[in-house]
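Enquirer: Taken in order, the sequence shown gives residues 1058 to 1286; the numbers are from our numbering.
Heads up, the beta-carbon is just placed ideally off N, CA and C, and yes, glycines get one too.
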Amino acid sequence: MKNIFALVDCNNFYASCERVFNPKLKSKPVVVLSNNDGCIVARSDEAKALGIKMGVPFFKIKDIIKKNNVAYFSSNYALYADMSQRVMDTLSKYTPGIEVYSIDEAFVSLQELTKEDLTSYCKKIRDEIYRNTGLPVSIGIAETKTLSKIANEFCKKNAVLNGVFDMTQFKDKSKLLSRVPVIDVWGIGKALGKHFMSIGVFSAKDFASVDPGVIRKKWVWLVQGPRWS
1058 MKNIFALVDC
1068 NNFYASCERV
1078 FNPKLKSKPV
1088 VVLSNNDGCI
1098 VARSDEAKAL
1108 GIKMGVPFFK
1118 IKDIIKKNNV
1128 AYFSSNYALY
1138 ADMSQRVMDT
1148 LSKYTPGIEV
1158 YSIDEAFVSL
1168 QELTKEDLTS
1178 YCKKIRDEIY
1188 RNTGLPVSIG
1198 IAETKTLSKI
1208 ANEFCKKNAV
1218 LNGVFDMTQF
1228 KDKSKLLSRV
1238 PVIDVWGIGK
1248 ALGKHFMSIG
1258 VFSAKDFASV
1268 DPGVIRKKWV
1278 WLVQGPRWS
């Protein structure tokens, strides 16, 4: 079987870690602050729904915090590192093919499994991580790392998927990719996304159809990176 990747990503990681040790915060808005409590570095879904943006200075949203009884915490990186290790230790039970990408996400190789097993296998991973850590995760499954990140985003934005989305089930991915803004493609972001939009590339579908030679000429590092991995 060809390569299949799953991106396992902890949902709202810092905020979720705080909830593990304070269950009363479940379903309540939670934010975590940067060093010296300068700005917002993590938000629960409830805090996002209040319009609290990532990176906003704390002093600018104190009224929102007070009005909505938002729980806020200083960053506790020792705690987050410990919780991250617990997640990665759980993943290692399922496969040796783990690539830790950041403190709250990792790529997992699933190429030894049959396609019929992918979703059920990843649901087992999701459930065991929650049992071992109390942390909710989303898992996106696809043929490349870039697509697995996109699948993961679909997972987070669609509660009906219940934490696992297998993009390999779709032979024609064009409809899915047309719903993904080019700025959300791994390795692009807002700044580079503006350049792509200026040449008519607005979605992941558009990006996938661009002549690699055009991209290689202007952004050789991108050709060597996410789109082709």
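Taking the C-alpha atoms as reference points, what is the distance between Ala-1265 and Tyr-1137?
Expert: Taking the first residue of the sequence shown as position 1, residue 1265 is located at position 208. Taking the first residue of the sequence shown as position 1, residue 1137 is located at position 80. Taking the straight line joining both Cα atoms gives about 36 Å.
Enquirer: Quick check: the segment 1180 to 1196 against the segment 1071 to 1086, are at least 3 beta-carbon pairs closer than 8 Å?
Expert: Taking 8 Å as the limit for Cβ pairs, the verdict is that the segment 1180 to 1196 does touch the segment 1071 to 1086.
Enquirer: Tell me which residues share the same chain as Gly-1250 and place their Cβ nearer than 6 Å to its Cβ, disregarding the 5 neighbours each side in the sequence.
Expert: The residue labelled residue 1250 in the question sits at position 193 within the sequence shown. Excluding positions up to five away in sequence, the list reads Val-1239, Ile-1240.
Enquirer: Rounded to whole angstroms, what's the CA-CA distance from Lys-1247 to Val-1221? Just pull it up for me.
Expert: Along the sequence shown, read from residue 1 onward, the residue named residue 1247 stands at position 190. Along the sequence shown, read from residue 1 onward, the residue named residue 1221 stands at position 164. So the two alpha carbons sit approximately 27 Å from each other.
Enquirer: Which residues bound the beta strand (DSSP E) around Tyr-1151?
Expert: Locating residue 1151 in the sequence shown gives position 94, where the first residue counts as 1. Segment: none, Tyr-1151 is in no beta strand (DSSP E) and carries neither H nor E.
Enquirer: If I measure Cβ to Cβ from Cys-1067 and keep anything under 6 Å in the same chain, skipping five residues before and after, which residues do I get?
Expert: The sequence position of residue 1067 within the sequence shown is 10, counting from 1. Same-chain partners within the cutoff: Asp-1161, Leu-1192, Val-1194.
Enquirer: I believe Asn-1060 touches Gln-1168 by the beta-carbon criterion, under 8 Å. Please report the beta-carbon distance rounded to the nearest angstrom.
Expert: By 1-based counting over the sequence shown, the position of residue 1060 is 3. By 1-based counting over the sequence shown, the position of residue 1168 is 111. That pair is a contact at about 5 Å.
Enquirer: When you compare only the Cα positions, how much space is there between Glu-1185 and Ser-1141?
Expert: Reading the sequence shown from its first residue, position 128 is the one you call residue 1185. Reading the sequence shown from its first residue, position 84 is the one you call residue 1141. Taking the straight line from one Cα to the other gives about 14 Å.
Enquirer: Within a Cβ cutoff of 7 Å, which residues of the same chain sit near Lys-1180, ignoring the five residues on either side of it in sequence?
Expert: Looking up residue 1180 in the sequence shown gives position 123. Same-chain partners within the cutoff: Val-1221.
Enquirer: Mark Asn-1219 as exposed unless 16 or more other C-beta atoms lie within 10 angstroms of its C-beta, in which case mark it buried.
Expert: Residue 1219 sits at position 162 when you count from the first residue of the sequence shown. Classification of Asn-1219: exposed, given that the 10 Å Cβ count is below 16.
Enquirer: In or out: Tyr-1256 buried (at least 16 other Cβ within 10 Å) or exposed?
Expert: By one-based count along the sequence shown, residue 1256 stands at place 199. It should be noted that the sequence gives Ile, not Tyr, for residue 1256. Ile-1256 should be labelled exposed.
Enquirer: Please list, in chain order, all residues of the same chain as Tyr-1178 whose beta carbon is under 8 Å from its beta carbon, the five residues on each side excluded.
Expert: Residue mapping note: residue 1178 aligns to position 121 of the sequence shown, counting from 1. If we look at Tyr-1178 and ignore the five residues flanking it on each side, its Cβ neighbours are Tyr-1151, Leu-1167, Leu-1170.
Enquirer: Look up Ile-1097 in the DSSP assignment and say whether it is helix, strand or coil.
Expert: Numbered from its first residue, the sequence shown carries residue 1097 at position 40. Reduced to three states, the DSSP call for Ile-1097 is strand.
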